[in-house]
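Read through the structure below, which is laid out as structure tokens, and then see the notes.
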Amino acid sequence: MKSKVDINSLSISKANPVMESFEKYDIQANIDEFENTENHSGFKYTFTILSQPKNVRIAVDGTIRVFGKPEERDAILDKNENDIPKILPLIYHELFPSFFMLSKSANVPCPPYQILTLGDETIPQNSNNVEAETETEPETIEIPESSKETVSGEPPITESTSDETTEKEGQTIEELQELYAKTSDEYSKNPSEELRKKLETISTQMNQKNSSSEPLESTV
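Have a look at this one:
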């Protein structure tokens, strides 16, 4: 089974230009099917990522087309061990490089690499839909039209020791993803310049390892 993720709009806003405190991000999402053929299904998605305390808001919407057998496409709507429809982490994974670049441009903490939980009351019982809250914030930074697709470019390379860089280059993408998730969790609990630079270095290595693959297609 394959999937193709497209972005229609992506923005970030801050109510206060200076982040006085940060605890975590709450992620809310919505997924709706708009087409279903013999060979593929199409879904519209939205993600709203809100910082706690409330200040930063990241919003994205677009479409995903899933190609495969009907039973495979039905299975992707089932919930995983975290009680989240499997299609949502698949989309979020493709969107994460865009979140990284956008949060860096706004000088705010990067959202987590993986979805482990969603906001309260965002997954109704007996439904594959996930309701997303809407909220208007000032000072919105919009992604240019030419960049409205999942980001395949590399973020700026930060300084690191040769030993640290060599060690990360020798790791597999799965090992880097696990390291990024752990470091991101540490950063969300205790933000520091050292951890921020470490996240940038790991993300650079992940993008370099993924640079030879199609950024908008992933095999599940």
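To convert, take the position in the sequence shown, counting from 1, and add 1148; that gives this note's numbering.
For every residue, glycine included, the Cβ atom is placed at its ideal position computed from N, Cα and C.
On the criterion of 16 or more Cβ atoms from any shown chain inside 10 Å, does proline 1218 qualify as buried, or is it exposed? Its Cβ having fewer than 16 others within 10 Å, proline 1218 is exposed.
Three-state class that DSSP yields for threonine 1349 in the structure shown: Note: threonine 1349 maps to helix in three-state DSSP.
Per DSSP, cross-strand counterpart(s) of serine 1169: Beta-bridge pairing links serine 1169 to no other residue.
Please report the residue range of the alpha helix (DSSP H) in which lysine 1150 lies. Run containing lysine 1150: none in the alpha helix (DSSP H); it sits in the beta strand (DSSP E), 1150–1162.
Nearest residue (CA-CA) to glycine 1190, options Val1153, Gly1318, Leu1250 and Gln1325: Val1153
Would DSSP call tyrosine 1193 helix, strand or coil? Secondary structure at tyrosine 1193: strand, using DSSP grouped into helix, strand and coil.
Burial state of asparagine 1274 (16 or more Cβ within 10 Å): For asparagine 1274, the predicted model reports a pLDDT of 33, less than 50, meaning its position is unreliable and no value from the coordinates is stated.
Smallest Cα separation from alanine 1207: which of Leu1225, Leu1158 and Ser1246? Nearest to alanine 1207 by C-alpha distance, out of Leu1225, Leu1158 and Ser1246, is Leu1158.
Within the continuous alpha helix (DSSP H) that includes isoleucine 1239, where are the two ends? 1235–1253
How should valine 1166 be labelled, buried or exposed, when 16 other C-beta atoms within 10 angstroms of its C-beta is the threshold for buried? exposed
Does lysine 1330 come out as helix, strand or coil in the three-state DSSP assignment? helix
Contact check, isoleucine 1093 vs threonine 1331, beta carbons under 8 Å: The structure shown does not extend to residue 1093, since the chain spans only 1149 to 1368, so no value can be given for it.
For isoleucine 1206, which of helix, strand or coil comes out of DSSP? The DSSP-derived three-state label of isoleucine 1206 is strand.
Just the C-alpha distance for phenylalanine 1247 and tyrosine 1240, rounded to the nearest angstrom, thanks. 9 Å
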